[in-house]
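Under the UniProt record's numbering, the letters of the sequence shown match residues 1 to 390, in that order. Here a beta-carbon is modelled for each residue, glycine too, at the ideal position from N, C-alpha and C.
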Amino acid sequence: MIKRAWKAFWRPSMKWGLGVLLIGGIFVGVLGWNGLHYAMEKTSGLEFCVSCHSMRDNVYPEYVQSIHFKNPAGVQAECADCHERKTGLAAYVDKFNAWRDIWGEIRGTIDTPEKFEQNRLRLAKQVWKHMEETDSATCRSCHDFAHMDFDKQKPEAAKQMQTAMQNGDTCISCHKGIAHKLPDMAAGYKALFNDLVAASSDFSPKTGDVVYPLETTEFFLEEPKDGKGKAAGKVLSATPLKVVDKDGDWLKVEAEGWQQEGAERMLYANQGKRIFAVALTPAAANEVKKGETKPDADTGQNWTDVIATGWVKNEKMTADADKLWDYGSEMYSASCGSCHALPDTKHYLANQWIGTLNAMKRFAPLDDEQFRFLQKYVQLHAKDMEGGHE
């Protein structure tokens, strides 16, 4: 059948001359090509973009308040100027991808303000990801490092711009929330944390399992009777604990870490790395099982490999390290990637991350528990943490 169709396609016409067919084909081609471009032009205008009520009622009011809509120079950037590349195959790819918004309107995914807000973070991440992958090509169609007069910018802005230019950063790394309201950046990692907590409610680890507390939890040398007892310390979140026994809601665990000479009350995740694992009372610090003592190559300080054995309550625990680190990654991205390019966690050494994060702590919307977890996450994924107690 395919063969017959192929022959019919190439068979000379018995009714029309070759010239007529050629001219007709050119006419149809030109008409189709211009029709396509006319359609692309009409569907790229502001009027078309806000013809859907989900766009008109949600993002358009934000856009008209932005500098891209109204500014002293009178130069306006419309929806397509930021969301669609203008040349080559890229223009068609972006136009095709834009139909997802129409499909979302048809399906009713974002057809109310409440639904739109629920999806705002997801939608924003899609746009940011696309801009990162294209090196903010639509931004660069107007803004170009090479033509910026840094002397006429505010000193801090000029400094940041020149740093970004030298590092090869892309526009969207720093300039989120320019034309639209920033989503609730915390919503993503809070949802992941809530999922972990929900899963922990019926989590029943077995002997030999390795579990991680989601939050700081009390540590007891002896199993508390009737839930009462004096804590011998605290296990910080994301510290790996090996289950060696269990009794009802209580788990007997082993926490492996390192003690620094002169600071034995804290167990660290690795030798020479100030990654907090378990904080012990003076008496409990003397009860740990000690292994080999090694001098640190950089500082000469003595560090001892130890194991602390005790009891913790099986509450807000997980054995899924991957989901725990997904939570950490989302928290890191949301807390540290809104105002500037997000450095890779391996950009710094584990100990360097302490000062780096503390310098930015006042800008991060995190409570103390969350901040400690974030610090631990980036430290455990630092440049010098291959093969540590992760």
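Extent of the continuous alpha helix (DSSP H) to which residue i belongs
i, result
"Ile307", "It is not in any alpha helix (DSSP H) - Ile307 instead sits in the beta strand (DSSP E) that spans Asn302 to Lys313."
"Gly355", "Gln352 to Met360"
"Ala341", "Counting along the chain, Ala341 falls outside any alpha helix (DSSP H), and DSSP gives it neither H nor E."
"Val93", "Gly88 to Asn97"
"Val197", "Ala186 to Ser200"
"Tyr60", "Tyr60 to Tyr63"
"Glu47", "Leu46 to Cys49"
"Asp81", "Cys79 to His83"
Residue range of the unbroken beta strand (DSSP E) whose run includes residue i
i, result
"Thr217", "Thr217 to Phe219"
"Lys234", "Gly233 to Val235"
"Leu241", "Leu241 to Asp247"
"Glu132", "First-last for Glu132: Pro113 to Glu133, but that is the alpha helix (DSSP H), not the beta strand (DSSP E)."
Selection from the options that minimises the alpha carbon distance to residue i
i, options, result
"Ser141", "Ser51, Lys86, Glu41 and His347", "Lys86"
"Asp322", "Asn302, Pro240 and Ala364", "Pro240"
"Phe220", "Gln271, Leu214, Ala255 and Tyr189", "Ala255"
"Gly272", "Val253, Thr299 and Met266", "Thr299"
"Lys313", "Ile307, Leu214 and Asp384", "Leu214"
"Val127", "Lys361, Asp245, Asn97 and Asn270", "Asn97"
"Asp344", "Asn351, Trp99 and Tyr332", "Tyr332"
"Gly104", "Tyr60, Lys129, Ser136 and His53", "His53"
"Ser335", "Asn351, Gly355, Val306 and Asp367", "Asp367"
"Glu78", "Phe48, Gly88, Arg100 and Leu89", "Phe48"
"His143", "Pro365, Asn286, His175 and Leu380", "His175"
"Gly337", "Pro365, Ile354, Gly355 and Leu324", "Pro365"
"Gln260", "Glu287, Asp249 and Asp305", "Asp305"
"Leu196", "Val59, Ile172 and Ser237", "Ser237"
"Gly347", "Asp296, Leu380, Ala198 and Leu46", "Position check: residue 347 holds His in this sequence, whereas Gly was assumed. The shortest Cα separation from His347 among Asp296, Leu380, Ala198 and Leu46 belongs to Leu380."
"Asp209", "Thr134, Asp384 and Val243", "Val243"
"Glu117", "Pro183, Lys125, Gly262 and Asp149", "Pro183"
"Leu123", "Ile307, Asp101 and Asn71", "Asp101"
C-beta atoms of residue i and residue j nearer than 7 Å
i, j, result
"Ala80", "Ser44", "yes"
"Asp169", "Ala359", "no"
"Ala319", "Leu349", "no"
"Met185", "Lys95", "no"
"Ala232", "Ala164", "no"
"Thr217", "Val235", "yes"
"Lys252", "Trp311", "yes"
"Leu121", "Gly188", "yes"
"Gly328", "Tyr268", "no"
"Ala179", "Ser66", "yes"
"Gly291", "Ala277", "no"
"Lys294", "Trp303", "yes"
"Ile106", "Asn119", "no"
"residue 394", "Ser200", "Here the chain has residues from 1 to 390 only, and residue 394 is not among them."
"Val64", "Arg56", "no"
"Gln375", "Leu357", "yes"
"Asn351", "Arg274", "yes"
Residues sharing a beta bridge with residue i, DSSP
i, result
"Ala382", "The partner list for Ala382 (beta bridge, DSSP) is empty, contrary to what the question assumes."
"Met266", "Ala279"
"Pro295", "Asn302"
"Val253", "Val243 and Gly310"
"Thr318", "Tyr212"
"Lys225", "Lys228"
"Lys290", "Val306"
"Lys273", "Asn270"
Reduced DSSP category for residue i - H, G, I as helix; E, B as strand; rest coil
i, result
"Thr207", "coil"
"Arg4", "helix"
"Gly387", "Because Gly387 sits at a pLDDT of 47, beneath the cut-off of 50, its placement in the model cannot be relied upon, and the point is left open."
"Arg56", "helix"
"Gln260", "strand"
"Asn167", "helix"
"Cys139", "helix"
"Arg372", "helix"
"Gln153", "coil"
"Ser333", "helix"
"Val75", "coil"
"Phe69", "coil"
"Met161", "helix"
"His147", "helix"
"Leu36", "helix"
"residue 401", "Nothing in the structure corresponds to residue 401, since the chain is present only between 1 and 390."
"Ala285", "helix"
"Leu366", "coil"
"Leu31", "helix"
"Tyr377", "helix"
Residue i beta carbon near the ligand NAP (any heavy atom closer than 6 Å)
i, result
"Ser200", "The ligand NAP is not part of the structure shown, which contains no ligands of any sort."
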